[in-house]
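All residue numbers for the sequence shown refer to this note's numbering, where the first residue is 1 and numbers rise by one.
All C-beta atoms, glycine included, are put in the ideal place defined by N, C-alpha and C.
The structure appears right after this line, and notes come after that.
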Amino acid sequence: MGKYEEGVEDCNNALVVCKESRRALYRKALCLKELSR
Numbered sequence: 001m002g003k004y005e006e007g008v009e010d011c012n013n014a015l016v017v018c019k020e021s022r023r024a025l026y027r028k029a030l031c032l033k034e035l036s037r
């Protein structure tokens, strides 16, 4: 797939709605790991 930057943005949008979303935090972490950030 490789749409990690888009994934980070999607997770950021989800975290605006629910700051404590564990799923969004986890998925954002996975995307950032793939982007080496």
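Confirm, please, whether the CB-CB distance from residue j to residue i is below 8 Å.
| i | j | result |
| --- | --- | --- |
| C31 | V17 | no |
| C11 | R27 | yes |
| A24 | L15 | yes |
So, at 6 Å on beta carbons, what are the nonlocal neighbours of residue i in its own chain, with the 5 sequence-adjacent residues on each side left out?
| i | result |
| --- | --- |
| L35 | Y4 |
Looking at the secondary structure, which residues open and close the alpha helix (DSSP H) in which residue i lies?
| i | result |
| --- | --- |
| L30 | 22 to 34 |
| G7 | 4 to 17 |
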